[in-house]
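What follows is a single structure, written as structure tokens, with notes after it.
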Amino acid sequence: MAFGQRYFADQKKTDETLLPGSQSAKAADDVPPPPTTSPANPTSAGTIPPQDVPLTPPTPGQVNAESPASGSAPGAGTGVPTGTGSASVAPPAGSPVPPPKKKKGSFRRFLLTLLTLTTLGYAGGVYYSLISDNFHDFFTEYVPFGEDAVGYFEEREFRKRFPGGAGQSRLHQQIRGENKVTIPSKSGLSWKVSDEKEDSKHGADLSKSGRHTSAVEDNKAKKEEKSAPAAPQPKASKSESKPAPVVAPIDRINLDGATEPVVQDVVKIINDIITVINADKAGSKYDSAIAKAKGELGKVISDIQTMKAVAEKQSEDKIKNLHAEFDNGARELVKRIEAEMQAQEAGWKDEFEAEREKLSQTYQSKLRAELDATQKVYEQRLKNELLEQAIALNRQFANSVHERVEQERQGRLSRLSELSNAVAELEKLTAEWNSVIDSNLRTQHMLVAVEAARNAVEKADQPRPFVEELAALKEIAADDPVVNAAIASINPTAYQKGVPTPSQLIDRFRRVASEVRKAALLPEDAGVASHAASLVLSKVMFKKGGDGQGLPVGDDVESVLTRTEMLLEEGNIDAAAREMNGLSGWAKVLARDWLGDARRVLEVRQALDVLSTEARLQSLLVD
Numbered sequence: 001m002a003f004g005q006r007y008f009a010d011q012k013k014t015d016e017t018l019l020p021g022s023q024s025a026k027a028a029d030d031v032p033p034p035p036t037t038s039p040a041n042p043t044s045a046g047t048i049p050p051q052d053v054p055l056t057p058p059t060p061g062q063v064n065a066e067s068p069a070s071g072s073a074p075g076a077g078t079g080v081p082t083g084t085g086s087a088s089v090a091p092p093a094g095s096p097v098p099p100p101k102k103k104k105g106s107f108r109r110f111l112l113t114l115l116t117l118t119t120l121g122y123a124g125g126v127y128y129s130l131i132s133d134n135f136h137d138f139f140t141e142y143v144p145f146g147e148d149a150v151g152y153f154e155e156r157e158f159r160k161r162f163p164g165g166a167g168q169s170r171l172h173q174q175i176r177g178e179n180k181v182t183i184p185s186k187s188g189l190s191w192k193v194s195d196e197k198e199d200s201k202h203g204a205d206l207s208k209s210g211r212h213t214s215a216v217e218d219n220k221a222k223k224e225e226k227s228a229p230a231a232p233q234p235k236a237s238k239s240e241s242k243p244a245p246v247v248a249p250i251d252r253i254n255l256d257g258a259t260e261p262v263v264q265d266v267v268k269i270i271n272d273i274i275t276v277i278n279a280d281k282a283g284s285k286y287d288s289a290i291a292k293a294k295g296e297l298g299k300v301i302s303d304i305q306t307m308k309a310v311a312e313k314q315s316e317d318k319i320k321n322l323h324a325e326f327d328n329g330a331r332e333l334v335k336r337i338e339a340e341m342q343a344q345e346a347g348w349k350d351e352f353e354a355e356r357e358k359l360s361q362t363y364q365s366k367l368r369a370e371l372d373a374t375q376k377v378y379e380q381r382l383k384n385e386l387l388e389q390a391i392a393l394n395r396q397f398a399n400s401v402h403e404r405v406e407q408e409r410q411g412r413l414s415r416l417s418e419l420s421n422a423v424a425e426l427e428k429l430t431a432e433w434n435s436v437i438d439s440n441l442r443t444q445h446m447l448v449a450v451e452a453a454r455n456a457v458e459k460a461d462q463p464r465p466f467v468e469e470l471a472a473l474k475e476i477a478a479d480d481p482v483v484n485a486a487i488a489s490i491n492p493t494a495y496q497k498g499v500p501t502p503s504q505l506i507d508r509f510r511r512v513a514s515e516v517r518k519a520a521l522l523p524e525d526a527g528v529a530s531h532a533a534s535l536v537l538s539k540v541m542f543k544k545g546g547d548g549q550g551l552p553v554g555d556d557v558e559s560v561l562t563r564t565e566m567l568l569e570e571g572n573i574d575a576a577a578r579e580m581n582g583l584s585g586w587a588k589v590l591a592r593d594w595l596g597d598a599r600r601v602l603e604v605r606q607a608l609d610v611l612s613t614e615a616r617l618q619s620l621l622v623d
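Take 1 as the starting number for the sequence shown in UniProt numbering and just add one per residue.
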């Protein structure tokens with residue numbers, strides 16, 4: 001039994017082909033989800049607030065004065081932050097720790113009960129989806145992960161039935177348009193401690209040097225060059241006492257088309273750097289670098305959008321090609337299946353006709369064999385009776401010759417013996433003639449009984465039982481096997497209730513014909529709509545045949561009904577029944593009762609013909 005079977009008459013579902021890496025409930029479990037996108041305006045989430053901006057680093061002179069032994073480079077402890085600015089702030093040390101909440105057993109039991117019921121319901125839904133096609137469509141469309149679960153069990157069932165087709169599952173990813181993800185053998189956790197070299201080989205972080213940190217490195221180099229000649233100056237307080245010139249702040253980056261997560265991270269980093277520069281009032285130093293970074297970032301965004309548009313165009317072309325290929329394959333499959341169904345239907349029709357012809361021939365052969373056997377029995381019986389009569393005539397001739405001889409030899413005595421023999425012969429002839437008369441009477445009574453039964457069947461105005469006529473005929477025929485067989489072949493319902501008259505058959509046929517015409521256009525598996533359409537169309541159909549046109553030709557329902565009606569009017573019930581028996585479908589179903597009545601009438605007539613023939617044969621044997 002195949003689960004989840006589909007037919008070409010089912011409604012075609014919408015296109016569910018997905019782009020590689022797209023997030024969907026039908027995507028494979030091993031495909032990693034795409035990175036989560038951030039809001040379109042990255043400055044609102046990743047911008048460092050003014051109170052968290054690091055203070056201005058001290059001058060090299062102050063650092064050397066406070067810790068002369070320290071070999072660290074100036075500004076090493078106050079580097080420019082390169083993170084996303086999403087670090088969490090630890091709670092104050094003096095805040096009290098809230099006590100842990102006590103877990104209640106009722107909530108846990110509720111969760112366990114809910115989980116158990118959900119699992120059982122989900123399993124029951126999967127099982128019922130494998131049985132019912134309607135529930136399969138509902139379950140896979142509205143229940144999360146329902147299609148994956150049902151598909152898993154259907155694939156297992158398919159592999160059990162067709163073990164050789166397991167290799168076809170390799171094509172699913174290419175057809176669905178998903179990326180093929182391979183996990184390296186050494187990925188994941190390991191018992192070894194990772195060192196900096198391995199992190200530098202395999203890890204990728206935004207804190208590494210690259211195009212996105214070139215502006216920061218240039219700024220650090222400028223600061224070191226400027227801070228180097230300032231080291232021998234002992235009077236740093238004088239420079240600090242001078243008022244700093246007013247510097248215009250650098251505007252933050254706000255790109256409307258920055259929807260990629262990586263670009264948003266870069267924008268956040270640059271905005272953090274701009275915030276630090278504005279806090280240090282060093283906008284004049286880094287204005288050109290920031291402007292260059294903004295320009296490069298705009299180029300990167302345009303390149304990404306161009307690449308994305310090209311990828312989408314290629315994916316759409318590939319999907320259209322796959323759809324066209326699938327539609328061509330489906331059409332070829334439909335044509336092949338239709339051809340196979342037509343060939344199979346033709347084969348079934350040929351087998352049906354051959355079997356029907358075989359049954360008809362078998363029935364005809366059995367009937368001919370029985371008639372031949374009956375004819376041979378009666379011919380042999382006639383020969384035996386003729387032989388007995390010949391023997392009797394020979395004996396009679398011998399006796400007459402003997403008597404004549406005795407008459408000539410003995411004279412009067414011979415005459416006496418002759419007279420006695422003549423008397424004996426007369427007695428014998430009288431006895432024989434009595435038997436002949438009895439046979440003639442029995443034959444005449446049989447003919448009268450047969451004619452009475454025939455009149456009760458054919459000349460009655462209403463169906464009339466003819467049980468008494470058959471009983472009288474059976475009593476007259478005594479133990480005649482032909483008469484007994486003919487009477488036994490008649491249906492008891494026919495002689496107990498009578499058979500329809502020809503006028504009744506014609507009248508009922510006309511009523512049945514009107515109903516058959518209404519169902520003439522119905523197929524075998526018709527529904528309510530087909531019945532209504534056939535009823536409407538039957539009103540506009542034209543009757544075939546008529547006066548002076550002869551019998552119509554054709555196997556359609558209207559031609560068969562017209563021929564049957566004309567044959568019934570001519571009195572040929574046998575040919576009319578054969579015409580109606582040639583119908584099929586709903587027409588034959590509606591005419592089944594009328595065919596039964598006609599068949600009973602024909603059976604009774606055939607039995608009466610056999611009885612009449614037997615009576616005539618008996619009369620010939622008596623003569």
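Note that CB positions come from ideal geometry on N, CA and C, so glycine has one too.
Check the C-beta distance from Val263 over to Ile290 and give it rounded, since I have them as a contact under 8 Å.
Actually they are not in contact, since the Cβ atoms of Val263 and Ile290 sit about 16 Å apart, beyond 8 Å.
Mind checking whether Arg454 and Leu602 have CB atoms under 7 Å apart?
Against a cut-off of 7 Å, the Cβ pair of Leu602 and Arg454 comes out as no contact.
Just curious, the alpha helix (DSSP H) that Ser559 is in, first and last residue?
Where Ser559 is concerned, the enclosing alpha helix (DSSP H) stretches over Val557 to Glu570.
Among residues of its own chain, excluding the 5 on either side of Asp287, which ones have a beta-carbon nearer than 8 Å to its beta-carbon?
Excluding sequence neighbours, Asp287 sits near Ile250.
Helix, strand or coil: which one does DSSP assign to Gly146?
In the structure shown, Gly146 sits in a helix (DSSP, three-state: H, G or I).
Report all residues from its chain with a CB closer than 7 Å to the CB of Ser619; omit the five preceding and five following residues, and keep chain order.
Taken in chain order, the residues that qualify are Thr443.
Are the region 586-597 and the region 499-514 in contact at 8 Å, needing three or more beta carbon pairs?
Result yes; three or more Cβ-Cβ pairs closer than 8 Å.
Tell me which residues share the same chain as Arg616 and place their Cβ nearer than 8 Å to its Cβ, disregarding the 5 neighbours each side in the sequence.
Cβ within range, chain order: Leu447.
Could you say which of Phe145, Ser503 and Gly582 lies nearest to Val560 if we only look at CA atoms?
Ranking Phe145, Ser503 and Gly582 by Cα distance to Val560 puts Gly582 first.
Using 8 Å for Cβ pairs, my map puts residue 629 next to Gln496. What's the rounded Cβ distance?
The chain is shown only over 1 to 623; residue 629 falls outside these bounds and no answer can be derived.
Considering only the beta carbon of each residue, do Glu468 and Ala449 sit closer than 7 Å?
Not a contact, by the Cβ cut-off of 7 Å.
For Ser489, count the other beta carbons within 10 Å of its own beta carbon; 16 or more makes it buried, fewer makes it exposed. Which is it?
Looking at its Cβ environment, which holds fewer than 16 other Cβ atoms inside 10 Å, Ser489 is exposed.
Measure the Cβ-Cβ separation of Arg252 and Ile269 and say whether it is below 7 Å.
No, the pair does not count as a contact, with Cβ atoms beyond the cut-off.
Go ahead and pull the three-state DSSP assignment for Val499.
Coil.
Suppose you measure from the CA of Ala311 to the CA of Asp265; what does that come to, to the nearest Å?
Looking at the two C-alpha atoms, the distance is approximately 23 Å.
Note the first and the last residue of the continuous alpha helix (DSSP H) segment covering Leu120.
From DSSP, the alpha helix (DSSP H) with Leu120 extends over Gly105 to Ser129.
Using 7 Å as the threshold, is the C-beta distance between Glu370 and Val482 below it?
Not in contact: Glu370 and Val482 (Cβ atoms no closer than 7 Å).
What first and last residue would you give for the alpha helix (DSSP H) that runs through residue 625?
Residue 625 is absent from the model: the chain starts at 1 and stops at 623.
Do three or more CB pairs link the region 473-487 to the region 568-584 at distances below 8 Å?
Counting Cβ pairs under 8 Å, fewer than three are found: no touch.
Once DSSP output is grouped into helix, strand and coil, what is the label at Gly151?
If DSSP states are grouped into helix, strand and coil, Gly151 belongs with the helices.
Between the region 116-133 and the region 144-161, do three or more beta carbon pairs fall short of 8 Å?
Yes: at least three Cβ pairs fall under 8 Å.
Can you tell me which of the three DSSP states Ser612 falls into?
The answer is helix: DSSP assigns Ser612 an H, G or I state.
Closest to Glu515 by C-alpha separation, out of Ala587, Pro500, Asp480 and Glu451, would be which residue?
Minimum Cα distance to Glu515 is reached at Ala587.
Along the chain, where does the alpha helix (DSSP H) that runs through Leu470 open and close?
Residues Val467 to Ala477.
Between Ala354 and Tyr363, what straight-line distance do the alpha-carbon atoms span, to the nearest angstrom?
Rounded to the nearest angstrom, the two C-alpha atoms are 14 Å apart.
Considering only C-alpha positions, which residue in the set Pro500, Asp480, Gly498 and Leu595 is nearest to Val610?
For Val610, the nearest C-alpha among the options comes from Asp480.
How about Arg578 and Asn491: do their beta carbons lie closer than 7 Å?
No; because the gap between Cβ atoms is not below 7 Å, this pair is not in contact.
To the nearest angstrom, how far is it from the Cα of Asp218 to the Cα of Ser315?
At Asp218, the pLDDT of 49 sits below 50, so the modelled position is not reliable; the number obtained from the coordinates is stated separately. So the alpha carbons of these two residues sit roughly 42 Å apart.
Taking the CB atoms as reference points, tell me whether Glu406 and Ser420 lie closer together than 7 Å.
No, they are not a contact pair.
Please name the residue in Phe138, Asn254 and Lys358 whose C-alpha comes closest to that of Asp272.
For the residues Phe138, Asn254 and Lys358, the minimum Cα distance to Asp272 belongs to Asn254.
Candidates Val143, Asn134 and Phe110: which alpha carbon is nearest Gly121's?
It is Val143 whose Cα lies nearest to the Cα of Gly121.
Quick check on Arg486: does DSSP put it in helix, strand or coil?
In the sequence as presented, Arg is not what sits at residue 486; that position holds Ala. Note: Ala486 maps to helix in three-state DSSP.
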